[in-house]
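This report concerns only the one structure given below.
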Amino acid sequence: TQLQAWWRGCCARRVFARSRRAAVRLQSCMRRWLCRRHFLASLAEFKEQAKLENQVRALQAKLEAQERAAAANAANANSNTTVVTQAPAEVLEALQALAAENAKLRMELEHQRTENAKLRRENQQLQAKETTRGAWLASFMRSKKYDEEKSTTASVRNDAVSEIGHEDTSVSESMASGRTGTTGINGSAAGDAPLQLHPPLSEFWEDVPCSGVPFLQSGSQIHIKLGPNILLVDIHGKSLVWQSWMNNQRGYRSPMAFTVERRKERKKMSIFGGSSEAEQSPSGELGCIGESFVLRSTWTKKYVKVGGLLDWYCLLVSGQSPDDAA
């Protein structure tokens with residue numbers, strides 16, 4: 046069993062390393078393409094700006110030359126004071142048109158930069174969502190594979206026990222009666238109607254299996270549902286209640302939202318009857334909550350804890366810190 050576990054670990058690490066290299070290569074190609082596109086756009090903008098600046102300089106030089114010529118003509122011919130000013134007026138109009146066009150181009154450039162930043166943020170959010178969904182799917186597949194292996198091991202063990210029981214008739218009869226009772230219990234349990242899985246009430250939410258909870262990011266907002274019922278804080282802001290909601294409503298409310306946060310896992314020491322707390326890294330990627338986490342209501346900003354004897358040991362939303370939480 047240890048050898049098989051070691052080999053599965055090696056295979057999983059190999060697959061993870063290959064997937065990581067592929068993801069890094071894909072991200073590098075995407076960043077290179079984005080940088081190249083940004084460089085080409087900046088280069089075209091710089092060339093256009095330089096062209097406009099050269100035109101402005103040429104017109105300014107022409108205007109100064111005409112002004113100097115007009116001043117020289119006025120000094121030489123005092124009697125003739127009429128100077129044609131039509132050409133400088135045309136130059137000024139051209140300068141004003143170029144300035145207006147330059148301002149318009151700058152406004153368009155700022156708009157393009159804003160849109161690029163918005164698209165970049167949306168792309169990052171989509172990539173993060175795809176990464177989280179992939180982690181949830183991988184964890185679900187691993188749990189499913191583990192359940193299949195466990196059921197196979199249990200069936201093999203039952204077959205071995207049945208073979209041993211056939212060798213001894215008395216033991217065989219007792220074991221047969223025990224198996225008959227077990228079959229009746231399982232049959233009655235299997236006959237019960239299963240709970241219906243209701244889809245999320247909004248496209249911005251998605252279902253997460255129980256095996257994918259340790260892979261949630263710390264600070265994620267969740268809703269807890271069981272069939273058509275959903276868990277929420279009562280109107281007094283203290284207790285937790287179940288309410289039928291998923292089959293006859295369209296959206297969620299603030300008392301239904303909870304935030305999961307990572308916490309220190311408590312480990313009890315049996316030596317000398319003492320206890321200590323140690324922080325263990327969660328199973329999964331960095332930033333995940335792991336198997337030890339706390340719930341915090343986004344409505345009251347308080348943590349979920351277990352009440353005392355007067356509260357019948359029910360779950361309450363009255364914790365002030367993660368240490369008070371259940």
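Heads up: the sequence shown is residues 46 to 371, going by the numbering used here.
Backbone N, C-alpha and C define an ideal beta-carbon position, used for all residues, glycine too.
- From the listed residues Q241, P367, A68, the smallest Cα separation to Y348 is found for P367.
- Shown here, K347 sits in coil according to DSSP, grouped into three states, outside any helix or strand.
- Around the Cβ of R341, a 10 Å sphere holds 16 or more other Cβ atoms; the residue is buried.
- Note that the region 135-143 touches the region 96-111; at least 3 beta-carbon pairs, one per stretch, sit closer than 8 Å.
- Around the Cβ of C255, a 10 Å sphere holds fewer than 16 other Cβ atoms; the residue is exposed.
- Straight-line measurement puts the Cα of A145 at about 22 Å from the Cα of E109.
- Under the DSSP assignment, L104 falls in the alpha helix (DSSP H) whose first and last residues are 47-121.
- Within the same chain, Cβ atoms closer than 6 Å to the Cβ of P300 are found at L277, V278, W344, the five residues on either side in sequence being excluded.
- For R70, same chain residues with a beta-carbon under 8 Å away, outside a window of 5 residues either side, do not exist.
- Looking only at L361, R307, L97, E155, the smallest Cα-Cα distance to P259 is reached by R307.
- Between I267 and V305, the CB-CB gap stays under 7 Å.
- Taking C-beta atoms as the reference points, L97 and L143 count as a pair closer than 7 Å.
- Within 10 angstroms of the beta-carbon of A370 lie 16 or more other beta-carbons, which makes it buried.
- The DSSP-derived three-state label of W287 is strand.
- Distance from the CA of D356 to the CA of Y297, rounded to the nearest whole angstrom, comes to 28 Å.
- Secondary structure note for Q241: it is in no beta strand (DSSP E), with a DSSP letter that is neither H nor E.
- In the DSSP assignment, L276 falls within the unbroken beta strand (DSSP E) covering 274-278.
- With respect to the 7 Å criterion, G264 and W181 are not classified as neighbours on the basis of their beta carbons.
- Taking 7 Å as the cut-off, the beta carbon of G335 is found no closer than this to the beta carbon of K350.
- Looking at N118, Q111, G352, N293, the one whose alpha-carbon comes closest to that of P273 is N293.
- Contact between K270 and H243 holds: CB atoms are separated by about 7 Å, below the 8 Å threshold.
- Nearest neighbour of E155 by Cα position, chosen from V60, A86, S73, W250, turns out to be A86.
- Beta-bridge partners of K270 (DSSP): I275.
- Between the C-alpha atoms of K346 and L261 there is a straight-line separation of about 20 Å.
- Just so you know, the alpha carbons of Q141 and E153 end up roughly 18 Å apart.
- In this chain, V253 is not harboured by any beta strand (DSSP E), its DSSP state being neither H nor E.
- For E306, the enclosing beta strand (DSSP E) starts and ends at 303-307.
- In the structure shown, S263 falls within a coil segment according to DSSP collapsed to helix, strand and coil.
- In the structure shown, L150 falls within a helical segment according to DSSP collapsed to helix, strand and coil.
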